[in-house]
Amino acid sequence: MDLEMTGLDPNRDVIVEIATLVTDDELEVVAEGPDLVVHHPPEVLAAMGDRVREMHTRSGLLGAIEASEVTLEEAGRATLAFLVEHVGEARKVPLCGNSIGTDRRFLATYLPDIENYLHYRSVDVSTLKELAQRWHPDALARAPRKAGGHRALDDVQESVRELRYYREVLFKAPESAGAGSAPDGSTVPAPST
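Residue 3 is where the sequence shown starts when you use our numbering, and the numbers rise one by one after that.
See the structure below:
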């Protein structure tokens, strides 16, 4: 899931776009949810900082917000209905994306039904990026580059691609389920059955 907002403070800023993908455990897209741009009146948009306004203007999102007739409540209902249809049982699936702590705060403030439907655990791709920067810089150097378009659907698709990459590079499964080597060179026994 990805949200676009007018800033980073849920006490002052608002959600302007929400997009959702559901993947399986192998990160294959099972379903693409609605990509909804939320209308806000000019006085709400006027509170945006210059940097965010420039970003949303460049991406075309600002014009889409002004043209949209979708309310936040409608966007929330449609997104929750999509999750219920494609995920099933509540609180079984974690939220996944980049820097999703911010998204969680906005969900808790504005769309608590969605926040409560998701598992309390999260898969934050940006955490893997931070760890790769510190412990595996060559992997970070080869990571897929983000286009930086700042549109919700594009961003969530990029997050899935990025997570696939880190899974392959940082969490590559051994060729067999047999013994392996630990980072210090010692032998790790094969799992017992």
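Even for Gly, the Cβ is constructed at its ideal location relative to N, Cα and C.
Helix, strand or coil at residue i [DSSP, three-state]
i: residue 16; result: coil
i: residue 33; result: strand
i: residue 165; result: helix
i: residue 27; result: coil
i: residue 1; result: No statement about residue 1 is possible, as the shown extent of the chain runs from 3 to 195 and does not include it.
i: residue 68; result: helix
i: residue 22; result: strand
i: residue 6; result: strand
i: residue 39; result: strand
i: residue 148; result: coil
i: residue 131; result: helix
i: residue 141; result: helix
i: residue 136; result: helix
C-alpha distance - residue i paired with residue j, whole-angstrom precision
i: residue 26; j: residue 3; result: 14 Å
i: residue 76; j: residue 140; result: 44 Å
i: residue 116; j: residue 78; result: 7 Å
i: residue 150; j: residue 156; result: 9 Å
i: residue 52; j: residue 12; result: 18 Å
i: residue 89; j: residue 14; result: 31 Å
i: residue 61; j: residue 30; result: 27 Å
i: residue 46; j: residue 37; result: 21 Å
i: residue 171; j: residue 129; result: 15 Å
i: residue 68; j: residue 86; result: 29 Å
i: residue 56; j: residue 169; result: 34 Å
i: residue 71; j: residue 100; result: 28 Å
i: residue 43; j: residue 73; result: 11 Å
i: residue 125; j: residue 65; result: 31 Å
i: residue 95; j: residue 132; result: 23 Å
i: residue 17; j: residue 109; result: 9 Å
Limits of the unbroken alpha helix (DSSP H) element including residue i
i: residue 82; result: 74-89
i: residue 201; result: Outside the displayed span of the chain (3 to 195) sits residue 201, for which this structure offers no information.
Cβ distance (whole Å) where residue i is taken to contact residue j below 8 Å
i: residue 119; j: residue 92; result: 5 Å
i: residue 104; j: residue 165; result: Rounded, the Cβ-Cβ distance is 18 Å, inconsistent with contact.
i: residue 23; j: residue 159; result: 7 Å
Limits of the unbroken beta strand (DSSP E) element including residue i
i: residue 99; result: 97-99
i: residue 11; result: That residue, residue 11, is in no beta strand (DSSP E); it is neither H nor E in DSSP.
i: residue 57; result: From DSSP, residue 57 is part of no beta strand (DSSP E) but of the alpha helix (DSSP H) over 52-61.
i: residue 109; result: Note, residue 109: premise wrong, no beta strand (DSSP E); alpha helix (DSSP H) at 102-112.
The ligand MG heavy atom lying under 7 Å from the CB of residue i
i: residue 161; result: Questions concerning the ligand MG fall outside what the structure shown contains, since it holds no ligand whatsoever.
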